[in-house]
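Below: the structure, in structure tokens.
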Amino acid sequence: MATREKKKRRAYRKKRYTIPIIIIVLLIAFRIYLPTLVKNRINKVLANIPGYYGYVEDVDIALYRGAYVLNGFYLNKVTKETEVDFLDFPKTDISIEWKSLFKGKIVSEIDMYDPTVIYVFEDQQQQTPGEADVEDWTQALKDIVPIDINNFEVYRGTVAFVQLQADPNIDVNIHDIRLTAKNLRNVVDKERALPSPITATGVSIGGGNMNLNGNLNLLKQIPDMDLAFSLEEVDATALNEFTRHYAGLDFDKGTFALYSEVAIADSYLKGYIKPLFIDTKLIGEDDGFLGVLWEGFVGLFKFILKNQRTDTVATRVPIEGDLSKVDAGVWTTVLRIFENAWLRAFRGEVDDDINYEDALNDPNLSREEKRALRKQRREERREERKNDTTGFFDKIFGGDGDEGDEEDPTDDGWFGGEEDKTDDGQ
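Using the numbering used here, you'd call the opening residue of the sequence shown number 173 and step up by one each time.
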């Protein structure tokens, strides 16, 4: 009887220690495997984005602070022939914002270190069947971060605009970006119309200083915002590849600045982009007589548009549009509006209100002059038939130029009329 009791006690003691040990071992094994489990889940999400290829190299878990760190995250745009860099996030720290728990909100905060976003002009203009749009990959990022983001920080970030088909290639970038966006989920200051402050600084090509500040309300389906942007003290010669491609201009010296304000209220966007050229000297591509003629022309252009007191050339491009009436995604539309305005600021245009017939009916023209005009018109028609071209923006945005197409909300009609040439210094 006593022996049986001893055996029961011994078995009980074994169970008392064995079960906790097994549980501890299982928890340790689960903790060890958890990063791999999270990594596989994230890579599965990235694999399901059409038109992109993404991968996460490593995931670190910090249970004591409710956080995980993504190392070596990237997302590339892919076609049948090429794979182009798009997002590159070396280190992203995602954690629960503990102070918001005391306010009854479960939200997250994200710190990104050395992130790079590359906007490749050609790849983003046309969407073909099976390719992703902005909503596809942004939804994938939301799946990776299942908890709403309240605070967002960027350290040493880079944003680049690249045009590979230009000759030479265009690479306009802002680096060393320090960005802070707070209260994105409206945890505090709920009574404010724009409760989420955002600030950013950075350095552009040519050594320019970038500043962004404003306020947002991201809780609305189409967010409200009031933002101000400035880019100052840029060496104008650093922009030569861009300005040569879009305006045929080369800068020998000078300074470039850019100012912009934009506001969105109840789905309506309004703002402007204002580039300035200060103390600039322009040069032409050719030497000799044509070079002198070119410099004389651009010198006259500068004299007309320049504020003589500040030696500044400025133009103001308005941007405007109703975001509630677009078929494309809101952020896609906003991006294309700004892209249109940015390119338009560097693009010279004629009014196109004087044509061949106007000149032909001029009674002051001689017979020889009218004959020359008719010959010119025939050559122009022959060239038009040979090169059935569409408009400048139709080309770069993939339009087909058909009159029956649905109106594009990012065309010139959204910008509130012709460019407003200003002569102020800013």
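All residues carry an ideal CB built from backbone N, CA and C; glycine is no exception.
C-alpha gap between LYS211 and GLU253, whole angstroms: 28 Å
Closest residue to GLU255 among LYS263, ILE194 and TYR246 (Cα-Cα distance): TYR246
Close Cβ partners of ASN358 (< 6 Å) along its chain, the five nearest in sequence each way excluded: PRO367 and LEU391
First through last residue of the alpha helix (DSSP H) which encompasses ALA419: 412-419
CB contact flag (ARG127, SER280, <7 Å): Residue 127 cannot be examined here, being either before or after the span of the chain that is shown, 173 to 598.
TYR227 vs ASN215 beta-carbon contact at 7 Å: yes
C-alpha gap between SER272 and ILE455, whole angstroms: 58 Å
Supposed contact pair VAL334 and VAL292 - C-beta distance, whole angstroms, cut 8 Å: 5 Å
Residue closest to THR115, alpha-carbon to alpha-carbon, out of LEU206, ASP396, PHE428 and LEU403: Missing from the structure shown is residue 115; the chain here goes from 173 to 598 and no further.
Distance CB(ILE491)-CB(GLY443) smaller than 7 Å: yes
Span separating the alpha-carbon of VAL498 from that of ILE221: Here the model assigns VAL498 a pLDDT of 48, short of 50, so the residue's position is not dependable, and the following value carries that caveat. Approximately 23 Å between the Cα atoms of the pair.
Inter-stretch contact at 8 Å, needing at least 3 Cβ pairs: the stretch 399-406 / the stretch 374-389: yes
Which listed residue (VAL241, ASN383 and ASN322) has its alpha carbon closest to that of ARG350: ASN383
Continuous beta strand (DSSP E) assignments of at least 3 residues falling wholly in the stretch 242-327: 255-268, 280-285 and 288-292
C-alpha distance - GLU325 paired with ILE191, whole-angstrom precision: 44 Å
Counted within 10 angstroms of its Cβ, other Cβ atoms place ASN341 as buried (16 or more) or exposed: exposed
Per-residue burial, VAL250 [other beta carbons within 10 Å of its own, 16 or more giving buried]: buried
Residues near TRP270 by beta carbon distance below 6 Å, same chain, minus five either side: none
Terminal residues of the beta strand (DSSP E) in which ARG350 lies: 342-353
Span separating the alpha-carbon of VAL317 from that of PHE258: 19 Å
TYR189 versus ASN248: straight-line alpha-carbon distance, rounded: 52 Å
LYS446, buried or exposed, once every other Cβ within 10 Å from all chains shown has been counted against 16: buried
Residues that DSSP places opposite TYR122 in a beta bridge: Outside the displayed range of the chain (173 to 598) lies residue 122, so it cannot be described from this structure.
Close beta carbons around ALA312, own chain, < 7 Å, minus the five adjacent residues each side: VAL217, LEU218 and ILE221
Opposing strand residues paired with LYS425 [DSSP bridges]: LYS453
Collapsed DSSP secondary structure at THR228 in the structure displayed: Position check: residue 228 holds Val in this sequence, whereas Thr was assumed. Three-state result, VAL228: strand.
Residue(s) in a DSSP beta bridge with GLY374: MET382
Opposing strand residues paired with THR330 [DSSP bridges]: THR288
Backbone secondary structure at GLU551 - three-state DSSP: helix
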